[in-house]
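Taking it in order: structure first as structure tokens, then the write-up.
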Amino acid sequence: MLIVENYRGTVTVAVEDDSPRLPRRREAVDRRAEVVSGLAIVSAVSRAWGAAPTSSGKTVWALVGRENRL
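Each number in our numbering comes from the position in the sequence shown (counting from 1) with 68 added on.
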């Protein structure tokens with residue numbers, strides 16, 4: 069499930085799934101690597117992000133503000 073909320077110029081994007089495994093941000097061993105983890109991208113374009121376990125899996129969320137321009 070995808071949830072998008074806007075409150076006073078800050079957008080919260082959350083994704084729910086049925087996997088109990090919480091996400092981990094993986095760093096590239098080689099800083100010149102072309103492969104980047106999805107969470108590294110989320111971290112780069114958001115104010116904050118996190119994950120929380122739920123009774124049916126987990127929710128991963130990110131806060132995106134006006135300062136987070138692509």
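Ideal placement from N, C-alpha and C gives every residue a C-beta, glycine not left out. On a predicted model such as this, the values are computed, not experimentally measured, just so you know.
{"Item": "Per DSSP, P121 is paired with what?", "Value": "K126"}
{"Item": "Within the same chain, show all residues whose beta-carbon is closer than 6 Å to that of E73, passing over the 5 residues directly before and after it, in chain order.", "Value": "T80"}
{"Item": "Beta carbon of G125, beta carbon of S87: below 8 Å?", "Value": "yes"}
{"Item": "Taking the beta strand (DSSP E) that L70 belongs to, which residues open and close that run?", "Value": "70 to 75"}
{"Item": "Can you give the beta carbon distance from L131 to S114, rounded, assuming they're within the 8 Å contact cut?", "Value": "6 Å"}
{"Item": "Between A215 and R93, is the Cβ-Cβ spacing less than 8 Å?", "Value": "Residue 215 cannot be examined here, being either before or after the span of the chain that is shown, 69 to 138."}
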